[in-house]
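Undergrad:
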Amino acid sequence: MSKRRVIPGFGMSLGFSITWLSLIILIPLAALFIKAAGLGWEEWRELLGSPQVIAAAKLTFGASAAAATVSAVLGLLVTWVLVRYEFPGRRLLDAMIDLPFALPTAVAGITLCAIYAPNGWLGEILASLGIQAAYNWLGVFIALTFIGFPFVVRTLQPVMADMGKEIEEAAATLGAGRWTVFRRVVFPLLVPALITGFTLAFARAIGEYGSVIFISGNLPMKTEILPHLIIIQLEQYNYEAAAAIATGMLVVSFSLLFLINLLQRRIDWQNR
Amino acid sequence: MKAPKLLFLSSILATLVIIASCGGKSGSEKSIELLNVSYDPTREFYVDVNRVFAADWKKQTGQELTIQQSHGGSGKQARSVIDGLEADVVTLALAGDIDVLESEAKLLPKDWQTKLPDNSSPYTSTIVFVVRKGNPKGVKDWGDLVNPGVGVITPNPKTSGGARWNYLAAWAWADKEFAKDESKVLDYMKRLFKNVPVLDTGARGSTTTFAQRGIGDVFLSWENEAYLIEKEFPGKTEIIYPSISILAEPPVAVVEKNAKKHGTYEVSEAYLKFLYTDEAQILAGNHFYRPRNPEIAKQFVDKLPALPLVTIDADFGGWATAQKNHFADGGTFDRIYQR
Numbered sequence: 005m006s007k008r009r010v011i012p013g014f015g016m017s018l019g020f021s022i023t024w025l026s027l028i029i030l031i032p033l034a035a036l037f038i039k040a041a042g043l044g045w046e047e048w049r050e051l052l053g054s055p056q057v058i059a060a061a062k063l064t065f066g067a068s069a070a071a072a073t074v075s076a077v078l079g080l081l082v083t084w085v086l087v088r089y090e091f092p093g094r095r096l097l098d099a100m101i102d103l104p105f106a107l108p109t110a111v112a113g114i115t116l117c118a119i120y121a122p123n124g125w126l127g128e129i130l131a132s133l134g135i136q137a138a139y140n141w142l143g144v145f146i147a148l149t150f151i152g153f154p155f156v157v158r159t160l161q162p163v164m165a166d167m168g169k170e171i172e173e174a175a176a177t178l179g180a181g182r183w184t185v186f187r188r189v190v191f192p193l194l195v196p197a198l199i200t201g202f203t204l205a206f207a208r209a210i211g212e213y214g215s216v217i218f219i220s221g222n223l224p225m226k227t228e229i230l231p232h233l234i235i236i237q238l239e240q241y242n243y244e245a246a247a248a249i250a251t252g253m254l255v256v257s258f259s260l261l262f263l264i265n266l267l268q269r270r271i272d273w274q275n276r
Numbered sequence: 007m008k009a010p011k012l013l014f015l016s017s018i019l020a021t022l023v024i025i026a027s028c029g030g031k032s033g034s035e036k037s038i039e040l041l042n043v044s045y046d047p048t049r050e051f052y053v054d055v056n057r058v059f060a061a062d063w064k065k066q067t068g069q070e071l072t073i074q075q076s077h078g079g080s081g082k083q084a085r086s087v088i089d090g091l092e093a094d095v096v097t098l099a100l101a102g103d104i105d106v107l108e109s110e111a112k113l114l115p116k117d118w119q120t121k122l123p124d125n126s127s128p129y130t131s132t133i134v135f136v137v138r139k140g141n142p143k144g145v146k147d148w149g150d151l152v153n154p155g156v157g158v159i160t161p162n163p164k165t166s167g168g169a170r171w172n173y174l175a176a177w178a179w180a181d182k183e184f185a186k187d188e189s190k191v192l193d194y195m196k197r198l199f200k201n202v203p204v205l206d207t208g209a210r211g212s213t214t215t216f217a218q219r220g221i222g223d224v225f226l227s228w229e230n231e232a233y234l235i236e237k238e239f240p241g242k243t244e245i246i247y248p249s250i251s252i253l254a255e256p257p258v259a260v261v262e263k264n265a266k267k268h269g270t271y272e273v274s275e276a277y278l279k280f281l282y283t284d285e286a287q288i289l290a291g292n293h294f295y296r297p298r299n300p301e302i303a304k305q306f307v308d309k310l311p312a313l314p315l316v317t318i319d320a321d322f323g324g325w326a327t328a329q330k331n332h333f334a335d336g337g338t339f340d341r342i343y344q345r
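Those protein sequences? They're chains A and B, same order as listed.
Numbering-wise, the first sequence is residues 5 to 276 according to the working numbering.
Numbering-wise, the second sequence is residues 7 to 345 according to the working numbering.
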């Protein structure tokens, strides 16, 4: 220890952090990988390449990406409204955004299902238009949008609130129209936070089980999500296969998140 | 140099101590606790049984007995016990789910099913059809389930014990109808599951889908659950008895390793034996389970009529075989969904 750190307490706080991280993240993940390693290569390939797993993976990642995208667009709009305008009930609306965080996901799933089922409020209207919402891929998408939405709003909100009106005013005095101000000044500043929000919503959606299970219908090859396949393997006491699917999911998710992070860095760097 | 390292190590220790101190146990000799881990539709039945048995036990021994109940999908419950839920007794939907307590965790002896009379199943049940009032789709038997436009509700046999009984009952009918021609039987099963719009993970989930959401025309259900639906939604549904069904034997067992550790072996055994007494058999009948005692079963024959029933041991070679042939990866259930 030749150099003493300026901020005291480094050893102690690092100790706490490492122990804590090990206990809640590293050790369980290591156990997962060890369990998954119980399968041979052939079994891995057969399991992860089976049509059921591939269909479920397409649905899980596809619906998650779609839901996160919609959350990002609508989240931007909602945040804009919440931050930029004063209107009665704003506080209430603001508090409501957090509901999907607090609600048990099973409750969310059952509620959404009750509303979007063919005999539910909205389901009835959609059914008359020939659209089946619950027990279809659309139901999965709806549930994932519901749970992912607050992530976007909550990451964008502080950034937008801090932004201040000065730069917009400056842009306006230099002759930029409203659209140009948004496109060239405001939006680029929001992009990093927007990507973070998208990433959080996306990651959350990939792992979501509780809410989706009630609304998806769980039909093999059609509306099964990957976490449900893991549960099915567990029900058969096939812990290795469950761990293998989980590991596969984890690797794909991690790669996607890593790519998004890289993208974000590039954008950050360009903005500088 | 030393101080930071010491702090570093002690902080690790402190975190561990805090976590370790969150556990803890308490107990006394005057009172005794029992945990019964069961499956979904038995909730109401065991509430009654526990009340009566606890009173009996107090009279006999003076001990205050509290029986905790845990309910959920049968397979999930078995997994919880394997993973360390310290059940004293298990009362699950099928023998296969108790077998795994032995094969996966050695929690009870291999011959557990011989410890109590009648395959350790104090009550039985079967699979019936629940249809909408007036039976608008005219569903009378298994063959009608594959008619176009008939929506069939069943949970997923991969995750639900009840659904496995449904699946095997349908299979048994088709096996007889098509004279054991397996490709025809498979084709029937394929058409049957084409008519299934939702596969819930457990029996209660399917009940909700059918009764509350109004999805489907026929619900393949536990007999007792079918009567519960009638009670909950009076005048909305009818129960149809098909020409053939399956004898479902939900077995019970003492989880010996846990019971011995808790010192509850004696009371656990007495609890399960109590299920065979007249008193408990009548309770079973009241909750629409079929009592094993033939004398008491007679009292309930109006509600729970006799019908031809296949059995898992005689017709499917026992649970282990049925599980492997039909529900394991690559079994018939996977095959009907592929291609």
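All residues carry an ideal CB built from backbone N, CA and C; glycine is no exception.
Tell me the DSSP secondary structure of residue 244(A) in three-state form.
TA: The residue given as residue 244(A) occupies position 240 in the first sequence. Correct three-state label for residue 244(A): helix.
Undergrad: What residues from chain A crowd round residue 343(B), counting only those whose CB sits closer than 7 Å?
TA: As a working note, residue 343(B) is residue 337 in the second sequence. Chain A residues near residue 343(B): 224, 225.
Undergrad: Taking CB distances under 8 Å as the criterion, tell me whether residue 55(A) reaches chain B.
TA: Sequence index remark: in the first sequence, residue 55(A) carries index 51 (1-based). With 8 Å as the cut-off, residue 55(A) counts as an interface residue toward chain B.
Undergrad: Check whether the Cβ atoms of residue 281(B) and residue 115(B) sit closer than 8 Å, and answer yes or no.
TA: Indexing the second sequence from 1 puts residue 281(B) at position 275. Indexing the second sequence from 1 puts residue 115(B) at position 109. No, the pair does not count as a contact, with Cβ atoms beyond the cut-off.
Undergrad: Check distances from the C-beta atoms of the stretch 147-167 of chain B to those of chain A and list, in chain order, the residues that come in under 8 Å.
TA: Going along the stretch 147-167 of chain B in chain order, one finds 162, 164, 165 with a Cβ nearer than 8 Å to chain A.
Undergrad: Got a sec, what are the start and stop residues for the beta strand (DSSP E) residue 135(B) sits in?
TA: Numbered from 1 along the second sequence, position 129 holds the residue referred to as residue 135(B). Here the beta strand (DSSP E) through residue 135(B) covers 133-138.
Undergrad: By DSSP, does residue 9(A) sit in helix, in strand, or in coil?
TA: Residue numbering aside, residue 9(A) sits at position 5 when the first sequence is read from its first letter. Note: residue 9(A) maps to coil in three-state DSSP.
Undergrad: Is residue 218(B) helix, strand or coil by DSSP?
TA: Here residue 218(B) refers to the residue found at position 212 when the second sequence is read from its first residue. Residue 218(B) falls in the helix class under three-state DSSP.
Undergrad: Give the secondary structure of residue 40(B) by DSSP, where H, G and I count as helix, E and B as strand, and everything else as coil.
TA: Within the second sequence, residue 40(B) is the residue found at index 34, counting from 1. In this structure, residue 40(B) counts as strand in the three-state DSSP scheme.
Undergrad: Could you check whether residue 140(A) and residue 83(A) sit closer than 8 Å to each other, using their CB atoms as the reference points?
TA: Looking up residue 83(A) in the first sequence gives position 79. Looking up residue 140(A) in the first sequence gives position 136. Cβ distance not < 8 Å, so residue 83(A) and residue 140(A) don't count as in contact.
Undergrad: Can you confirm whether residue 18(B), when its beta carbon is compared against all beta carbons of chain A, has any partner nearer than 8 Å?
TA: Sequence index remark: in the second sequence, residue 18(B) carries index 12 (1-based). With 8 Å as the cut-off, residue 18(B) counts as an interface residue toward chain A.
Undergrad: Of all Cβ atoms in chain B, is any one closer than 8 Å to the Cβ of residue 18(A)?
TA: By 1-based counting over the first sequence, the position of residue 18(A) is 14. Taking Cβ atoms only, chain B reaches closer than 8 Å to residue 18(A), which makes this a yes.
Undergrad: Quick one: is residue 219(B) near chain E, going by C-beta distance under 8 Å?
TA: Absent from the structure: chain E. Protein chains present are A and B.
Undergrad: Could you round the C-beta distance between residue 62(B) and residue 270(B) to whole angstroms and report it? I think they count as a contact, below 8 Å.
TA: Mapped onto the second sequence, residue 62(B) falls at position 56. Mapped onto the second sequence, residue 270(B) falls at position 264. Rounded, the Cβ-Cβ distance is 16 Å, inconsistent with contact.
Undergrad: Return the Cβ separation of residue 274(B) and residue 315(B) in integer angstroms, given the expectation that the two are a contact with Cβ distance under 8 Å.
TA: Within the second sequence, the letter at position 268 stands for residue 274(B). Within the second sequence, the letter at position 309 stands for residue 315(B). Wrong, their Cβ atoms sit about 30 Å apart, outside the cutoff.
Undergrad: Sort out for me which residues DSSP pairs residue 297(B) with in a bridge.
TA: For the purposes of this step, residue 297(B) is identified with residue 291 of the second sequence, where counting begins at 1. 129(B).
Undergrad: Applying the 10 Å Cβ sphere with the 16-neighbour rule, what's the burial state of residue 191(A)?
TA: Here residue 191(A) refers to the residue found at position 187 when the first sequence is read from its first residue. So residue 191(A) counts as exposed.
Undergrad: Let's see if you can read the secondary structure: which residues bound the beta strand (DSSP E) around residue 76(B)?
TA: Here residue 76(B) refers to the residue found at position 70 when the second sequence is read from its first residue. From DSSP, the beta strand (DSSP E) with residue 76(B) extends over 70-76.
Undergrad: Which of the three DSSP states, helix, strand or coil, is assigned to residue 257(A)?
TA: Stepping through the first sequence from its first residue, residue 257(A) is reached at position 253. Helix.
Undergrad: Assign residue 178(A) to one of three DSSP states: helix, strand, or coil.
TA: Residue mapping note: residue 178(A) aligns to position 174 of the first sequence, counting from 1. If DSSP states are grouped into helix, strand and coil, residue 178(A) belongs with coil.
Undergrad: In chain order, what residues of the same chain lie with their CB nearer than 6 Å to the CB of residue 179(B), ignoring the 5 residues before and after it?
TA: Along the second sequence, read from residue 1 onward, the residue named residue 179(B) stands at position 173. 148, 250, listed in sequence order.
Undergrad: Residue 79(A) to residue 154(A), Cα distance in whole Å?
TA: Looking up residue 79(A) in the first sequence gives position 75. Looking up residue 154(A) in the first sequence gives position 150. So the alpha carbons of these two residues sit roughly 8 Å apart.
Undergrad: Any idea what DSSP makes of residue 205(A), helix, strand or coil?
TA: Position 201 of the first sequence, counting from 1, holds the residue named residue 205(A). In this structure, residue 205(A) counts as helix in the three-state DSSP scheme.
Undergrad: From residue 144(A) to residue 179(A), what distance separates their C-alpha atoms?
TA: Position 140 of the first sequence, counting from 1, holds the residue named residue 144(A). Position 175 of the first sequence, counting from 1, holds the residue named residue 179(A). The straight-line gap from Cα to Cα measures roughly 46 Å.
Undergrad: Output needed for residue 112(A): all residues of its chain with C-beta closer than 8 Å, excluding positions within five of it in sequence on either side, in chain order.
TA: Position 108 of the first sequence, counted from the start, is the residue given in the question as residue 112(A). 104, 147, 150, 151, 214, 215, listed in sequence order.
Undergrad: What would DSSP say about residue 225(B), mapped onto helix, strand or coil?
TA: As a first step, residue 225(B) must be located in the second sequence, where it is residue number 219. Of the three classes helix, strand and coil, the one that applies to residue 225(B) here is strand, per DSSP.
Undergrad: Using a Cβ cut-off of 8 Å (strictly closer), state whether residue 138(B) contacts chain A.
TA: Counted from its first residue, the second sequence places residue 138(B) at position 132. By this cut-off, residue 138(B) is not an interface position.
Undergrad: Evaluate the contact criterion for the stretch 132-139 of chain B versus the stretch 231-245 of chain B: three or more CB pairs, one atom per stretch, below 8 Å.
TA: Contact between the stretch 132-139 of chain B and the stretch 231-245 of chain B is present, because at least three Cβ pairs lie under 8 Å.
Undergrad: Are the C-beta atoms of residue 234(A) and some chain B residue less than 8 Å apart?
TA: Here residue 234(A) refers to the residue found at position 230 of the first sequence. It does not; no Cβ of chain B falls within 8 Å.
Undergrad: Considering only C-alpha positions, which residue in the set 252(A), 266(A), 269(A) is nearest to residue 61(A)?
TA: Locating residue 61(A) in the first sequence gives position 57, counting from the first residue. Residue 61(A) has its Cα closest to that of 252(A), out of 252(A), 266(A), 269(A).
Undergrad: Can you tell me the Cα-Cα spacing of residue 283(B) and residue 105(B), whole angstroms?
TA: Indexing the second sequence from 1 puts residue 283(B) at position 277. Indexing the second sequence from 1 puts residue 105(B) at position 99. Rounded to whole angstroms, residue 283(B) to residue 105(B) spans 25 Å at the Cα level.
Undergrad: Is residue 310(B) near residue 298(B), with beta carbons less than 8 Å apart?
TA: Locating residue 310(B) in the second sequence gives position 304, counting from the first residue. Locating residue 298(B) in the second sequence gives position 292, counting from the first residue. Result no, Cβ atoms of residue 310(B) and residue 298(B) do not sit closer than 8 Å.
Undergrad: Going straight from the alpha carbon of residue 277(B) to that of residue 121(B), what length do you get?
TA: Translated into positions along the second sequence, residue 277(B) becomes position 271. Translated into positions along the second sequence, residue 121(B) becomes position 115. Each residue's alpha carbon lies about 13 Å from the other.
Undergrad: Would you mind reading off the limits of the beta strand (DSSP E) that contains residue 97(B)?
TA: As a position in the second sequence, residue 97(B) is number 91, starting the count at 1. Taken as a continuous stretch (DSSP letters only), the beta strand (DSSP E) holding residue 97(B) covers 95-97.
Undergrad: Can you give me the C-alpha to C-alpha distance between residue 150(B) and residue 156(B), rounded to a whole angstrom?
TA: Locating residue 150(B) in the second sequence gives position 144, where the first residue counts as 1. Locating residue 156(B) in the second sequence gives position 150, where the first residue counts as 1. Roughly 8 Å separates the two Cα atoms.
Undergrad: Helix, strand or coil, according to DSSP, for residue 32(B) in the structure here?
TA: On the second sequence, residue 32(B) is found 26 positions in, with the first residue counted as 1. Unreliable positioning characterises residue 32(B) in this predicted model, as indicated by a pLDDT of 42, which lies under 50. The coordinate reading is nonetheless provided below. Residue state, collapsed to three classes: coil.
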